[in-house]
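In our numbering, the protein residues as written are 36 to 609. Even for Gly, the Cβ is constructed at its ideal location relative to N, Cα and C.
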């Protein structure tokens, strides 16, 4: 029996045989060809086969994952259709006489090297992994290698891999009870997908692939971040009891589906769900969400080959509002840019797109697109309780400009006799530190705030959350981050406004007691986190949580100290 440790990425226990994911052998002989037309035909066939496969994987993903998690496959399809890359392949075939697989490999290596060299731009470095994922599949078709298909696993298994690509994770079927990887963090694609699929996962072990043999029995502890290799019978039985107890716990949580979210001392908080499309509504209702705290409208744009029309958007917003039956729905205006691009909206390449031309900055520059969305939202407002929020606001001037356009469209619709709700709330995301620091001024003009912790933390710490080398700086419990969040909440309350949170931290079981103590009004999270968060809140005393906050922001100096403080408190609860 041996034990390795990593990062606890998804709650749960898994006891099964290891399925060691081995990548196909993509070595080949680089040869010249005197028949370039034959090689171009081979290339085109492989491109089409790859498109068909990724399209199928995307459809599987849409059925099991959120719209945001499935979106990566649209990016992969765009890459296969990228005229610059296809032209580069063909040029190497026609001008240099290379066979198709050599042309693809050399072109891919060129782009991967460029992306990896951008050490000051983690976003572009991540694109290297996407290029590799797509071109490995393309080369496999060209040389007749077999691409792993995890959907064919037919017995209870734990997948062990160096890393899981989005296409790997999307293919996990019900036989996969958990997975373990060498690399990754809690906010990596594979970890987020594991939580959506509700399978136990430990990532970032550094050595799982080297330590685990295919077919070995292993135990995955998704709570403690431990992997036990070849456990003895006593250990297996102990973890079987833990797994049974966890299943009973989930059954108890299920009883809270229709309950209000109340603390032990009777204070009410709203627990809402994050969604990316109307398809995610099933999870919202199945888990007893009290609202939708974030509807990411950009996926309407990403799932289309054109700018969604006013009517197309209206129907999508109407469906969500009607489905919530009077519960509040916070809809974020288009947040394109950064890692979300549209093939029909050409944007200049940027050294750091996360800090560049994106979200509200595009909307205030290309106002026709923004006005179309606002009109659709205004028309849909009569079908439910609507709140509109603007993303990536840095200055008061930006918020004022966005709201002025909103008011112009509202007035125009009413003048034309179109019914519009008279109680729409207009707010903004707090994800830029400058906006957080000035929250007391913004609070005079907004109806509400929604804190996007994913960006707020990485901007505050100057550390990309998807970059493994600096992932240790993604610290949601850092006193500096907590002070920002506390100030935003206090600022909203000072002016009679409310604050929600829609980042990963809202469903973080360690962060929740602190957020309760700060008086956060709405917690919006992945639907699968709602019931366990409601159960935790029922054990909390809000006044005791206020004391925790005071200690965390005034007495503690490190993220680790804060984490230990909260965990000791929670462990002492009944």
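Could you tell me whether the Cβ atoms of residue i and residue j are closer together than 7 Å?
i, j, result
"residue 173", "residue 139", "yes"
"residue 107", "residue 143", "no"
"residue 369", "residue 333", "yes"
"residue 199", "residue 225", "yes"
"residue 72", "residue 135", "no"
"residue 44", "residue 319", "no"
"residue 215", "residue 243", "yes"
"residue 40", "residue 260", "yes"
"residue 409", "residue 441", "yes"
From what residue to what residue does the alpha helix (DSSP H) around residue i run?
i, result
"residue 450", "431-450"
"residue 488", "488-496"
"residue 351", "345-358"
"residue 603", "594-606"
"residue 379", "It is not in any alpha helix (DSSP H) - residue 379 carries neither H nor E in the DSSP assignment."
"residue 551", "547-553"
"residue 67", "Counting along the chain, residue 67 falls outside any alpha helix (DSSP H), and DSSP gives it neither H nor E."
"residue 129", "118-131"
"residue 45", "It is not in any alpha helix (DSSP H) - residue 45 instead sits in the beta strand (DSSP E) that spans 42-45."
"residue 402", "402-415"
"residue 110", "107-115"
I need the straight-line Cα distance from residue i to residue j, nearest angstrom please.
i, j, result
"residue 480", "residue 571", "34 Å"
"residue 439", "residue 412", "15 Å"
"residue 42", "residue 251", "21 Å"
"residue 567", "residue 285", "8 Å"
"residue 295", "residue 326", "12 Å"
"residue 191", "residue 236", "15 Å"
"residue 157", "residue 390", "Confidence at residue 157 is low in this model, with a pLDDT of 48, below 50, so the placement of that residue is unreliable and no value is reported for it."
"residue 177", "residue 46", "40 Å"
"residue 217", "residue 607", "34 Å"
"residue 538", "residue 309", "9 Å"
"residue 484", "residue 478", "8 Å"
"residue 454", "residue 534", "28 Å"
"residue 270", "residue 232", "26 Å"
"residue 305", "residue 532", "15 Å"
"residue 353", "residue 415", "5 Å"
"residue 488", "residue 276", "36 Å"
Pick helix, strand or coil for residue i, following the three-state DSSP scheme.
i, result
"residue 303", "strand"
"residue 142", "helix"
"residue 456", "coil"
"residue 331", "strand"
"residue 259", "coil"
"residue 147", "helix"
"residue 367", "strand"
"residue 297", "strand"
"residue 308", "strand"
"residue 246", "helix"
"residue 544", "coil"
"residue 428", "coil"
"residue 336", "helix"
Beta strand (DSSP E) containing residue i: first to last residue?
i, result
"residue 460", "460-465"
"residue 52", "48-55"
"residue 560", "557-560"
"residue 424", "420-425"
"residue 285", "Per DSSP, residue 285 belongs to no beta strand (DSSP E); it is in the alpha helix (DSSP H), 268-289."
"residue 255", "252-256"
"residue 188", "It is not in any beta strand (DSSP E) - residue 188 carries neither H nor E in the DSSP assignment."
Would you verify that the beta carbon of residue i is, or is not, closer than 7 Å to some beta carbon of chain C?
i, result
"residue 306", "As a matter of chain content, chain C is missing from the structure shown, which is built from one protein chain."
Per DSSP, residue i forms a beta bridge with which residues?
i, result
"residue 509", "Per DSSP, none; premise fails for residue 509."
"residue 536", "486, 558"
"residue 214", "194, 236"
"residue 37", "264"
For the ligand SAH, any of its heavy atoms closer than 6 Å to the Cβ of residue i?
i, result
"residue 241", "No copy of the ligand SAH appears in this structure; indeed no ligand is present at all."
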